[in-house]
Amino acid sequence: MVSTNSLLYVLLSAASLAAATLDPATTNTKGKCPGKYNCSATKVSKAIQAAECSHNTRTSKTQTFAVFVTDHQYDSSHGAPYGTCSAYTCTAPTSSEMTDSDSDCWTFFWNDNGESSGSGTGCIKSPNDGSCGCENSDGVFVYGSSSCS
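Okay, here's the thing in structure tokens:
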């Protein structure tokens, strides 16, 4: 019989197999979403870690920002928070356009538009045991590494 944790690991691992390239966000704003968007999301990835959203670009064109919204059904999983990451390639919102206050929202920028420097999330964690590492673009988790491709 398959345990709940094993099934969750398989589901979360499969969900994160979307092509991604290690390129951490340069700034972030936690607790706010854009009040308006200049375009539709280029790529939407569900059931991924906030750290994956902030560390990996998910588009073939230059990604400018990503909006992560927490999905609380995964709160007890290794690597939480998990949620939906929407990646954008259009002009990123300015700080004055970040008007939708929401504790479940975290916006990552590949420019200086965020309120805080860096990705803000800490490392990408193994959904199996919570160890730090990174994930190659083929979805393979590499324990202890921060130089995945």
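Note that the sequence shown covers residues -20 to -1, 1 to 129 in mature numbering (1 follows the signal peptide of the UniProt record, and there is no 0). All residues carry an ideal CB built from backbone N, CA and C; glycine is no exception.
Each residue's CA atom was taken as its position, placing C70 and D51 some 25 Å apart. In the structure shown, the three-state DSSP call for S106 is coil. Three or more beta-carbon pairs separated by less than 8 Å are not found between the region 84 to 92 and the region 105 to 112, which leaves the two stretches without contact.
Contact annotation: T74 and N93 have beta-carbon atoms nearer than 7 Å. Residue pairing of E32 in beta bridges, as defined by DSSP: absent, with no partner found. At a cut-off of 3 residues, the continuous stretches assigned as beta strand (DSSP E) that sit fully inside the region 40 to 112 are 45 to 50, 62 to 68, 80 to 89.
Counted as a single uninterrupted DSSP element, the beta strand (DSSP E) harbouring V122 occupies residues 121 to 123.
In the structure shown, S129 adopts coil according to DSSP, grouped into three states. In this structure, H35 places its C-beta atom within 7 Å of the C-beta atom of S99.
Within a 10 Å sphere around the beta-carbon of C114 sit 16 or more other beta-carbons, which makes this residue buried.
Ranked by how close their Cα comes to the Cα of T7, the residues C103, S96, S127 have S96 in first place. Closest in C-alpha terms to A21, from the list T101, T64, F121, comes T64. Shown here, S117 sits in coil according to DSSP, grouped into three states, outside any helix or strand.
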